[in-house]
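The sequence shown maps to residues 0 to 419 in numbering that gives the first Met the number 0. No residue lacks a Cβ here, since even glycine has one placed at the ideal position from N, Cα and C. Remember, predicted model here, so these are calculated numbers, not experimental data. Read through the structure below, which is laid out as structure tokens, and then see the notes.
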Amino acid sequence: MATAYWKRDGEAALAEDTSEAAPATSFWKAGHAPTLIAAFLYFDLAFMVWVLLGPLAPEISKTLGLTPAEKGLMVAVPTLAGALLRVVNGLLVDRIGPKRSGAISQLIVIVGLFTAWFVGVNSFGGTLALGVILGFAGASFAIALPLASRWYPAEHQGKAMGLAGMGNSGTVLASLFAPMLAKTFGWNAVLGLACIPLSVVLVVYLILAKDAPNQPPPRKLVDYFGPLKQADAWWLMGFYAVTFGGFVGLAASLPIYFTDQFGLTSITAGYCTAGCVFAGSLVRPMGGALADRIGGVKALMMVYAVAAVALVGVAQAHSLPGALGMFVLAMLALGTGNGSVFQLVPQRFQAEIGVMTGLVGMAGGIGGFYLASSLGLAKQMTGSFAPGFLIFAGLAVAAQAGVALVKTRWRANWKTGARI
Numbered sequence: 000m001a002t003a004y005w006k007r008d009g010e011a012a013l014a015e016d017t018s019e020a021a022p023a024t025s026f027w028k029a030g031h032a033p034t035l036i037a038a039f040l041y042f043d044l045a046f047m048v049w050v051l052l053g054p055l056a057p058e059i060s061k062t063l064g065l066t067p068a069e070k071g072l073m074v075a076v077p078t079l080a081g082a083l084l085r086v087v088n089g090l091l092v093d094r095i096g097p098k099r100s101g102a103i104s105q106l107i108v109i110v111g112l113f114t115a116w117f118v119g120v121n122s123f124g125g126t127l128a129l130g131v132i133l134g135f136a137g138a139s140f141a142i143a144l145p146l147a148s149r150w151y152p153a154e155h156q157g158k159a160m161g162l163a164g165m166g167n168s169g170t171v172l173a174s175l176f177a178p179m180l181a182k183t184f185g186w187n188a189v190l191g192l193a194c195i196p197l198s199v200v201l202v203v204y205l206i207l208a209k210d211a212p213n214q215p216p217p218r219k220l221v222d223y224f225g226p227l228k229q230a231d232a233w234w235l236m237g238f239y240a241v242t243f244g245g246f247v248g249l250a251a252s253l254p255i256y257f258t259d260q261f262g263l264t265s266i267t268a269g270y271c272t273a274g275c276v277f278a279g280s281l282v283r284p285m286g287g288a289l290a291d292r293i294g295g296v297k298a299l300m301m302v303y304a305v306a307a308v309a310l311v312g313v314a315q316a317h318s319l320p321g322a323l324g325m326f327v328l329a330m331l332a333l334g335t336g337n338g339s340v341f342q343l344v345p346q347r348f349q350a351e352i353g354v355m356t357g358l359v360g361m362a363g364g365i366g367g368f369y370l371a372s373s374l375g376l377a378k379q380m381t382g383s384f385a386p387g388f389l390i391f392a393g394l395a396v397a398a399q400a401g402v403a404l405v406k407t408r409w410r411a412n413w414k415t416g417a418r419i
């Protein structure tokens with residue numbers, strides 16, 4: 000089976016088989032660095048505002064008098080909206096290209112945040128409506144990754160997807176700065192202030208980003224859902240529902256957990272959350288590079304084992320240092336898993352990478368919605384967050400069993416120049 004990619008100068012490079020593959024090219028010469036940088040910046044700021052309600056949740060809850068379940072739902076709605084909109088963005092990417100799709104999505108978020116600041120958010124229903132708008136920021140995942148991925152050959156997919164996906168670190172910015180700004184100016188003002196960096200990055204994105212020359216031609220709408228007829232698509236979606244779902248669910252919920260469980264101020268809880276999220280974001284490209292080296296399957300087997308142990312540890316932790324240590328370990332594992340899953344996706348679905356990014360990303364967002372909302376429900380129904388963490392640990396064990404079930408068939412049947 001022939002495989003093709005595009006060098007930086009636009010000249011096609013073709014290898015007839017994995018046995019006759021062209022010599023490896025260094026990562027920074029293989030693709031288009033300005034587009035990779037633009038994809039990272041766009042993704043980073045989009046993620047910052049996607050989880051913005053999490054760091055603001057303690058202050059919003061005081062103002063609006065929310066119950067634990069309402070707080071959990073409030074921070075989970077942007078995750079669910081982002082999950083569903085990722086499919087829409089996946090379709091848009093394959094029809095008009097990732098660059099224009101990203102510009103449209105960013106404008107919607109900026110206008111939505113500005114309107115929420117100008118009008119004001121004064122009810123629980125208002126926070127849910129804002130959460131739907133923030134979902135467009137979460138849907139940036141289905142744009143940033145194809146934007147970067149299409150420039151790189153198979154042997155560098157893990158690193159390219161990992162670096163672009165390191166935009167997860169935007170959640171660190173939200174955790175660090177949103178609580179402090181809310182204390183100084185009020186939490187509603189933070190919504191308007193967020194429009195400033197979003198607008199700056201949009202300009203940079205429009206200047207640097209460039210669609211790869213191997214943009215596939217538009218297809219019939221029904222064709223975009225062809226991958227769902229194949230079991231491999233569902234497996235990859237399920238694996239990402241655990242890794243990314245765990246990452247974003249924790250990123251949105253930790254400010255609530257730290258304030259409710261240990262009585263921390265919103266600012267201190269933000270610092271603790273930022274430390275956990277930074278760990279998970281930092282290792283995403285390392286997860287992609289690790290998967291390039293040892294194979295995505297082997298990397299995921301290790302990831303799920305560590306994540307399950309860490310989440311069980313969180314459920315049993317009774318002190319802040321103990322809980323913080325377990326959260327950092329869980330985020331390191333889940334962040335590595337995010338990069339590992341997206342090392343595998345292009346190996347199996349290169350021709351459908353746009354829509355598959357949307358579908359897999361949607362599954363990850365649904366996993367995050369489940370975790371964030373279930374933690375709020377667990378707290379309200381049992382008085383403890385522990386049941387929510389234990390159930391998600393069980394899902395990590397189930398995902399590890401799934402990887403073990405499919406790994407032999409994948410290695411035998413997938414024809415690719417990268418490790419599986």
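Opening and closing residue of the alpha helix (DSSP H) in which residue 106 lies
97-118
Give me the Cα-Cα distance between residue 334 and residue 60, rounded to the nearest whole angstrom.
29 angstroms
Tell me, to the nearest whole angstrom, how far the beta carbon of residue 277 is from that of residue 372; I am working on the premise that it is less than 8 angstroms.
No, residue 277 and residue 372 are not in contact; Cβ-Cβ is about 24 angstroms, not under 8 angstroms.
Cβ-Cβ separation, residue 377 to residue 426 (assumed contact under 8 angstroms), whole Å
Lying before the first or after the last residue shown, residue 426 is absent from the chain, which here runs from 0 to 419.
Nearest candidate by alpha-carbon position, reference residue 310, set 200, 38, 328, 58:
328
Report the option in 190, 349, 351 whose CA atom is closest to the CA atom of residue 118.
190
Touch check for the region 226-237 and the region 354-365: three-plus C-beta pairs under 8 angstroms?
yes
Could you pull out every unbroken alpha helix (DSSP H) segment of at least 4 residues lying fully inside the region 213-300, listed in chain order?
230-261, 265-281, 283-293
Start-to-end residues for the alpha helix (DSSP H) that takes in residue 49
32-49
How many angstroms separate the CA atom of residue 302 from the CA atom of residue 336?
6 angstroms
What is the rounded straight-line gap between the Cα of residue 122 and the Cα of residue 95?
37 angstroms
Do the region 81-90 and the region 105-120 touch if we need at least three Cβ pairs shorter than 8 angstroms?
no
Can you tell me where the alpha helix (DSSP H) holding residue 198 begins and where it ends?
194-207
Looking at the structure shown, is residue 406 part of a helix, part of a strand, or coil, going by DSSP?
helix
When the distance is taken between beta carbons, is residue 287 closer than 8 angstroms to residue 338?
yes
Going by C-alpha distance, which of 306, 242, 102 is nearest residue 146?
102
Under 8 angstroms by Cβ, that's how I've got residue 269 and residue 54 pegged, so tell me the actual separation to the nearest angstrom.
5 angstroms
Residue 10 to residue 36, Cα distance in whole Å?
Note on residue 10: pLDDT 41, under 50, position unreliable in the model; no value is reported.
Starting from residue 58, trace the alpha helix (DSSP H) both ways and give me its first and last residue.
52-63
With distance defined between alpha-carbon atoms, name the residue in 382, 65, 402, 294 nearest to residue 422.
A query on residue 422 cannot be resolved here, the shown segment of the chain reaching from 0 to 419 and no further.
For a test of the three-state rule: what should DSSP assign to residue 121, helix, strand or coil?
coil
Counting C-beta neighbours from all protein chains within 10 Å, is the total for residue 408 16 or more, i.e. buried, or is it exposed?
exposed
Would you report the Cα separation of residue 72 and residue 205, rounded to the nearest angstrom?
34 angstroms
Nearest-angstrom Cα separation, counted from residue 345 out to residue 413:
11 angstroms
Cβ-based neighbour list, residue 323, same chain, cut-off 8 angstroms, excluding 5 preceding and 5 following
271, 274, 275
Backbone CA spacing between residue 291 and residue 115 [nearest angstrom]:
43 angstroms
Simplified DSSP assignment, three categories, for residue 185:
coil
For residue 420, which three-state DSSP category applies?
Only positions 0 to 419 of the chain appear in the structure, and residue 420 is not among them; the question remains open.
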